[in-house]
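**Student:** Chains as they are written, first to last, in the numbering used here: chain A, 343 to 588; chain B, 12 to 763. Backbone N, C-alpha and C fix where the C-beta goes; we use that ideal spot for every residue, glycine too.
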């Protein structure tokens with residue numbers, strides 16, 4: 343057994359190395375700002391990251407006193423004002439109207455840090471089939487919807503099935519990414535299997551100007567270099583309502 | 012027959028008869044084919060299948076010496092004196108003797124030790140597989156994890172990493188035929204029926220140059236049929252909690268050949284159906300091996316098939332398929348050997364294999380269908396000189412690929428005209444410069460051609476692989492080794508099941524072409540091996556690996572999917588990596604107490620983009636102890652202990668609220684999102700596991716029933732697979748999701 347003593351150094355190394363390291367908390371600002379054409383007000387939410395092990399009531403989030411302003415292609419500047427209803431919620435002034443297929447520079451200044459991002463708004467998105475309030479039967483083949491979007495970018499189409507007034511299975515049913523500006527979208531019948539039969543279906547065209555939450559599908563983000571995470575981008579969408587017979 | 016002879020001789024009255032029973036001293040089992048010889052004469056006999064013997068001799072021999080001997084047992088010499096009697100019964104208990112067993116096991120290993128220029132590969136025997144504790148049933152890949160240099164990322168998968176390489180970088184050969192994705196049950200069990208396996212060798216270094224098709228290792232599995240070892244009709248029927256199987260083989264004298272056939276299938280779906288339950292999953296596998304001699308040629312025909320089926324349907328409407336998923340391998344191989352008095356060996360081989368993969372989700376929402384065919388043909392010639400052995404070979408792999416992926420929301424892509432062709436010409440020379448030094452060198456020149464008409468791509472390039480190894484013998488029991496080699500891999504895994512948190516080794520293999528060059532690695536190894544005692548083998552090897560080019564599937568959001576061509580061209584990212592470490596093995600292969608102790612130190616990092624991070628299987632320290640004990644009265648026991656550094660993982664650094672709109676223009680709701688830190692920068696707690704088994708053999712004439720009780724994870728160690736946060740509490744509670752708990756199982760193995 344004496345000859346086995348040379349194993350000893352390895353065992354020492356082994357036991358020394360069996361500790362686990364925990365990386366400390368990382369602070370970032372969290373910006374949610376999505377430009378939407380044809381909206382009277384543009385909305386933004388400014389927040390920060392929080393420790394996973396610290397207690398937070400639902401009302402104890404949001405960052406006040408941020409300065410948000412948008413610069414368009416004509417160098418006109420539009421500002422956001424803080425809402426009274428919710429800490430960290432900001433709305434644009436009513437004079438600011440987002441146009442399709444335009445570029446904007448988004449600036450957020452918070453506690454001495456400035457976050458800037460150029461945003462390209464997609465072109466007009468139009469669903470042209472089926473007509474609104476189409477009636478489909480569960481026994482029918484899967485519903486087919488066509489739409490077009492001019493000057494949309496890669497990774498731009500996300501399809502959400504909505505019940506009228508509330509979302510339906512948008513968490514469990516993954517959004518589908520459709521690449522072409524002219525395409526067919528097939529909906530499985532499974533989408534329409536619920537007690538309610540009146541559905542609103544939205545087709546959203548997102549641009550690719552995503553600041554940090556690049557992976558929206560699984561709703562996680564990875565902390566990279568920078569001062570902020572979140573979603574700074576633009577979106578266009580169209581909706582249809584569908585009546586489904588049992 | 013003995014009794015008849017005995018009485019006949021007694022009647023004649025001119026002879027004396029020595030008779031008796033010979034049995035194993037430890038197990039009390041009768042021993043057949045024991046040699047019994049009267050010393051100084053040519054008179055002798057052997058025991059029958061019940062351990063009895065009867066020796067008839069002239070009555071002039073009143074006093075003499077008898078030697079009882081059998082390979083693997085200590086010789087017994089007995090002085091016999093009839094003392095006026097004409098009949099004497101002498102029973103003998105023979106003890107297994109390691110010093111003699113080395114004649115079989117150790118000398119085979121020593122022969123390999125003396126003849127190879129690199130370190131002896133780790134090996135497992137059939138006995139190891141059958142006697143070691145099982146996870147539900149004996150599994151080669153789960154036993155391999157106890158060998159040095161082998162790590163894994165979780166208990167949920169039998170895929171392993173060898174010396175820091177990813178699981179896809181291990182080439183698995185069954186009787187020299189490569190298998191892709193050799194796993195069942197999404198990787199939980201391997202595709203090999205242990206009852207059909209004779210041995211397995213894991214080449215983590217010293218990989219021959221002819222295997223220049225994987226970056227990390229070669230697992231060389233030989234089935235029982237190889238080498239015409241099967242004599243009479245014999246077989247094994249097995250039943251475990253997972254599957255039932257039958258393996259049988261026989262010699263066919265009329266055809267001058269022998270065969271082995273092995274089949275296995277899960278039965279839970281059939282069993283539950285009797286009680287009205289529907290289990291939408293099953294797998295099966297089968298293997299056959301047929302060898303025959305035609306004049307100076309040996310012909311070997313072998314085949315393998317294995318399939319998994321998962322079919323989950325809607326409870327309300329069974330016509331709707333929620334998930335339909337099946338995958339598997341079909342292999343057919345023909346080998347021809349011609350040997351001339353062991354001076355040379357000519358080997359011609361041809362093979363065909365097919366790997367298919369079909370996944371259909373949510374009825375018509377998502378369909379993917381993949382097929383890889385591989386046609387192989389080649390020839391190899393080995394010539395032995397006095398101190399020199401030269402091998403030259405030529406082989407060609409033709410691989411047409413076919414993929415059809417269909418998101419039926421409007422996006423579909425298919426690759427139907429991709430194919431690749433790889434022709435390799437190689438030469439290896441192993442020569443002994445003296446009794447103390449063996450040097451081996453090899454070079455392979457490979458022409459790789461890939462073509463895709465759809466993508467308008469055509470690639471043609473040459474790649475060279477080198478091997479150099481040397482072994483210096485201090486004496487017959489100690490040697491140092493050095494080896495170097497560069498390696499290539501021409502297909503890489505991709506597809507939807509990559510990087511889902513758990514390694515599901517059902518890869519969707521992608522041929523490399525266009526801008527993608529084959530993956531490349533270099534291995535440097537420095538080793539020391541030999542015997543501490545006659546029956547105690549050890550090896551210590553340090554290694555360093557450089558991965559000059561690695562290809563990894565990108566995250567989906569980084570892949571451009573407008574067209575098939577764009578998808579293909581953007582789906583992989585190129586990186587590099589390195590791995591280094593030390594492997595130590597101490598193994599006792601013979602005796603009533605056997606087993607091995609292995610320790611591995613490993614550091615394995617990869618670089619993709621600007622990120623450098625440890626691989627998922629980067630367990631820095633790995634300690635495994637495996638013991639088998641032959642207990643008296645037909646019992647045997649085994650334990651397996653694993654104590655390893657925890658795997659690296661990506662931790663959550665913070666949380667934030669993501670405000671999701673319930674519908675466009677509508678209200679929103681806030682959800683917590685966890686934010687991840689840098690990849691794989693922290694580790695799970697150390698991994699600890701103890702498995703144990705106890706087996707008992709029952710004998711029915713020449714047949715044997717083995718019953719084995721196994722408990723996987725006896726201590727029910729809570730080895731963490733992943734962490735998650737329970738947001739029903741505030742602040743959220745970090746909870747572990749553990750790997751496999753304590754799992755008892757029972758196996759019945761009937762040998763006939």
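Going by the DSSP bridge assignment, what does residue 625 of chain B pair with across the sheet?
**Tutor:** For the purposes of this step, residue 625 of chain B is taken as residue 614 along the second chain, with counting starting at 1. Partner(s): B/616.
**Student:** What number of angstroms, rounded off, separates the C-alpha of residue 475 of chain B from the C-alpha of residue 391 of chain B?
**Tutor:** Locating residue 475 of chain B in the second chain gives position 464, counting from the first residue. Locating residue 391 of chain B in the second chain gives position 380, counting from the first residue. For residue 475 of chain B and residue 391 of chain B, the distance between alpha carbons rounds to 18 angstroms.
**Student:** Between the region 586-595 of chain B and the region 138-150 of chain B, do at least 3 Cβ pairs fall closer than 8 angstroms?
**Tutor:** no
**Student:** Using the Cα positions of residue 277 of chain B and residue 194 of chain B, report the straight-line distance between them to the nearest angstrom.
**Tutor:** For the purposes of this step, residue 277 of chain B is identified with residue 266 of the second chain, where counting begins at 1. For the purposes of this step, residue 194 of chain B is identified with residue 183 of the second chain, where counting begins at 1. Their backbone Cα atoms lie some 14 angstroms apart in a straight line.
**Student:** Which term fits residue 523 of chain A, buried or exposed, when burial requires 16 or more other beta carbons within 10 angstroms of its beta carbon?
**Tutor:** Counting from 1 along the first chain, the entry for residue 523 of chain A is found at position 181. At residue 523 of chain A the pLDDT is 35, less than 50, meaning the model places this residue with poor confidence and gives no usable figure here.
**Student:** With a threshold of 8 angstroms between beta carbons, is residue 571 of chain A in contact with chain B?
**Tutor:** By 1-based counting over the first chain, the position of residue 571 of chain A is 229. Interface residue, yes.
**Student:** Name the chain A residues that come within less than 8 angstroms of residue 741 of chain B, Cβ to Cβ?
**Tutor:** Indexing the second chain from 1 puts residue 741 of chain B at position 730. Correct list: 397, 398, 399.
**Student:** Enumerate in chain order the residues of its own chain whose CB-to-CB distance from residue 432 of chain A is below 6 angstroms, with the five nearest sequence positions on each side excluded.
**Tutor:** Reading the first chain from its first residue, position 90 is the one you call residue 432 of chain A. Contacts found: 386, 410, 422, 424.
**Student:** With a cut-off of 8 angstroms, does the C-beta of residue 427 of chain A fall near any C-beta of chain B?
**Tutor:** Looking up residue 427 of chain A in the first chain gives position 85. Not closer than 8 angstroms to any Cβ of chain B, the Cβ of residue 427 of chain A fails to qualify, so no.
**Student:** Give the DSSP bridge partners of residue 735 of chain B, in chain order.
**Tutor:** Counting from one through the second chain, the residue named residue 735 of chain B turns up at place 724. Note: residue 735 of chain B sits in a beta bridge opposite B/746.
**Student:** Is the shortest distance between the beta-carbon of residue 596 of chain B and the beta-carbons of chain D less than 8 angstroms?
**Tutor:** Of the chains in the structure shown, none is chain D; the protein chains are A and B.
**Student:** From B/718, B/660, B/664, pick the residue whose C-alpha is nearest to that of residue 692 of chain B; which is it?
**Tutor:** For the purposes of this step, residue 692 of chain B is identified with residue 681 of the second chain, where counting begins at 1. The residue with the shortest Cα to Cα distance from residue 692 of chain B is B/660.
**Student:** Am I right that residue 173 of chain B and residue 215 of chain B are in contact with their C-beta atoms under 8 angstroms? What's the rounded C-beta distance?
**Tutor:** By 1-based counting over the second chain, the position of residue 173 of chain B is 162. By 1-based counting over the second chain, the position of residue 215 of chain B is 204. Indeed they touch by this definition, with Cβ atoms about 5 angstroms apart.
**Student:** Can you give me the C-alpha to C-alpha distance between residue 30 of chain B and residue 84 of chain B, rounded to a whole angstrom?
**Tutor:** Working through the second chain from its first residue, we reach residue 30 of chain B at position 19. Working through the second chain from its first residue, we reach residue 84 of chain B at position 73. Taking the straight line from one Cα to the other gives about 20 angstroms.
**Student:** Starting from residue 105 of chain B, trace the beta strand (DSSP E) both ways and give me its first and last residue.
**Tutor:** Working through the second chain from its first residue, we reach residue 105 of chain B at position 94. Residue 105 of chain B -> beta strand (DSSP E) spans 103-105.
**Student:** Grouping DSSP H, G and I as helix and E and B as strand, with all else coil, what is residue 197 of chain B?
**Tutor:** For the purposes of this step, residue 197 of chain B is taken as residue 186 along the second chain, with counting starting at 1. Residue state, collapsed to three classes: helix.
**Student:** Work out the CA separation of residue 751 of chain B and residue 730 of chain B for me, nearest whole Å.
**Tutor:** Walking along the second chain from the start, residue 730 of chain B turns up at place 719. Walking along the second chain from the start, residue 751 of chain B turns up at place 740. When rounded, the distance between both Cα atoms is 8 angstroms.
**Student:** Which value, in whole angstroms, describes the spacing of the CA atoms of residue 147 of chain B and residue 100 of chain B?
**Tutor:** One-based indexing of the second chain puts residue 147 of chain B at position 136. One-based indexing of the second chain puts residue 100 of chain B at position 89. Spanning the two alpha carbons is a distance of roughly 47 angstroms.
**Student:** Can you name the residues of chain A whose CB is closer than 8 angstroms to the CB of residue 666 of chain B?
**Tutor:** Your numbering for residue 666 of chain B matches position 655 in the second chain. Ordered by position in chain A, the residues that pass the 8 angstroms Cβ test against residue 666 of chain B are 391, 392, 393, 394.
**Student:** Around the C-beta of residue 208 of chain B, are 16 or more other C-beta atoms found within 10 angstroms, so that it is buried, or is it exposed?
**Tutor:** If you number the second chain from 1, residue 208 of chain B lands on position 197. It counts as buried.
**Student:** Just checking: is the beta-carbon of residue 606 of chain A within a distance shorter than 8 angstroms of some beta-carbon in chain B?
**Tutor:** Past the edges of chain A, shown from 343 to 588, lies residue 606 of chain A, and the structure says nothing about it.
**Student:** Check the Cβ-Cβ distances between residue 387 of chain A and every residue of chain B, and say whether any is below 8 angstroms.
**Tutor:** Walking along the first chain from the start, residue 387 of chain A turns up at place 45. It does; some Cβ of chain B falls within 8 angstroms.
**Student:** Assuming residue 570 of chain A and residue 372 of chain A form a contact by the criterion Cβ under 8 angstroms, report the distance between their Cβ atoms to the nearest whole angstrom.
**Tutor:** Within the first chain, numbered from 1, the residue matching residue 570 of chain A stands at position 228. Within the first chain, numbered from 1, the residue matching residue 372 of chain A stands at position 30. That pair is a contact at about 7 angstroms.
**Student:** Let me know the alpha helix (DSSP H) ranges lying completely inside the region 231-315 of chain B, each 4 residues or longer, listed in chain order.
**Tutor:** 279-285
**Student:** Going by DSSP, which residues form a beta bridge with residue 28 of chain B?
**Tutor:** Numbered from 1 along the second chain, position 17 holds the residue referred to as residue 28 of chain B. Note: residue 28 of chain B sits in a beta bridge opposite B/67, B/98.
**Student:** When you compare only the Cα positions, how much space is there between residue 532 of chain A and residue 437 of chain B?
**Tutor:** Position 190 of the first chain, counting from 1, holds the residue named residue 532 of chain A. Position 426 of the second chain, counting from 1, holds the residue named residue 437 of chain B. Residue placement at residue 532 of chain A is flagged as unreliable, the pLDDT there being 45, under the threshold of 50; a coordinate-derived value is accordingly withheld.
**Student:** Which of the residues in the region 316-331 of chain B, read from start to end, lie with their CB under 9 angstroms from any CB of chain A?
**Tutor:** 325, 327, 331
**Student:** Taking C-beta pairs closer than 8 angstroms, name the residues in chain A that residue 487 of chain B reaches, listed in chain order.
**Tutor:** Working through the second chain from its first residue, we reach residue 487 of chain B at position 476. In chain order: nothing, as chain A lies at least about 17 angstroms away.
**Student:** Taking the straight line between their C-alpha atoms, what separation do you get for residue 315 of chain B and residue 679 of chain B?
**Tutor:** Taking the second chain and counting its residues from 1, one reaches residue 315 of chain B at position 304. Taking the second chain and counting its residues from 1, one reaches residue 679 of chain B at position 668. Rounded to the nearest angstrom, the two C-alpha atoms are 56 angstroms apart.
**Student:** Quick one: is residue 372 of chain A near chain B, going by C-beta distance under 8 angstroms?
**Tutor:** Within the first chain, numbered from 1, the residue matching residue 372 of chain A stands at position 30. Closer than 8 angstroms to the CB of residue 372 of chain A there is at least one CB belonging to chain B.
**Student:** What does the alpha-carbon distance come out to for the pair residue 210 of chain B and residue 136 of chain B?
**Tutor:** Here residue 210 of chain B is taken as the residue at index 199 of the second chain, counted from 1. Here residue 136 of chain B is taken as the residue at index 125 of the second chain, counted from 1. Going by the C-alpha atoms only, they are around 4 angstroms apart.
**Student:** For residue 372 of chain B and residue 133 of chain B, I'd like the C-alpha separation in whole angstroms.
**Tutor:** Counting from 1 along the second chain, the entry for residue 372 of chain B is found at position 361. Counting from 1 along the second chain, the entry for residue 133 of chain B is found at position 122. Rounded to the nearest angstrom, the two C-alpha atoms are 42 angstroms apart.
**Student:** Would you mind working out which of B/625, B/264, B/524, B/608 sits nearest residue 579 of chain B, comparing C-alpha positions?
**Tutor:** In the second chain, the residue the question calls residue 579 of chain B occupies position 568. Check the Cα spacing between residue 579 of chain B and each of B/625, B/264, B/524, B/608: the tightest is with B/524.
**Student:** Could you check the C-alpha separation between residue 748 of chain B and residue 165 of chain B for me, to the nearest Å?
**Tutor:** The count along the second chain starts at 1 and reaches residue 748 of chain B at position 737. The count along the second chain starts at 1 and reaches residue 165 of chain B at position 154. So the two alpha carbons sit approximately 12 angstroms from each other.
**Student:** Would you say residue 565 of chain A reaches chain B, if we count a Cβ-Cβ gap shorter than 8 angstroms as a contact?
**Tutor:** On the first chain, position 223 is the one that residue 565 of chain A refers to. Yes - at least one Cβ of chain B is within 8 angstroms of the one on residue 565 of chain A.
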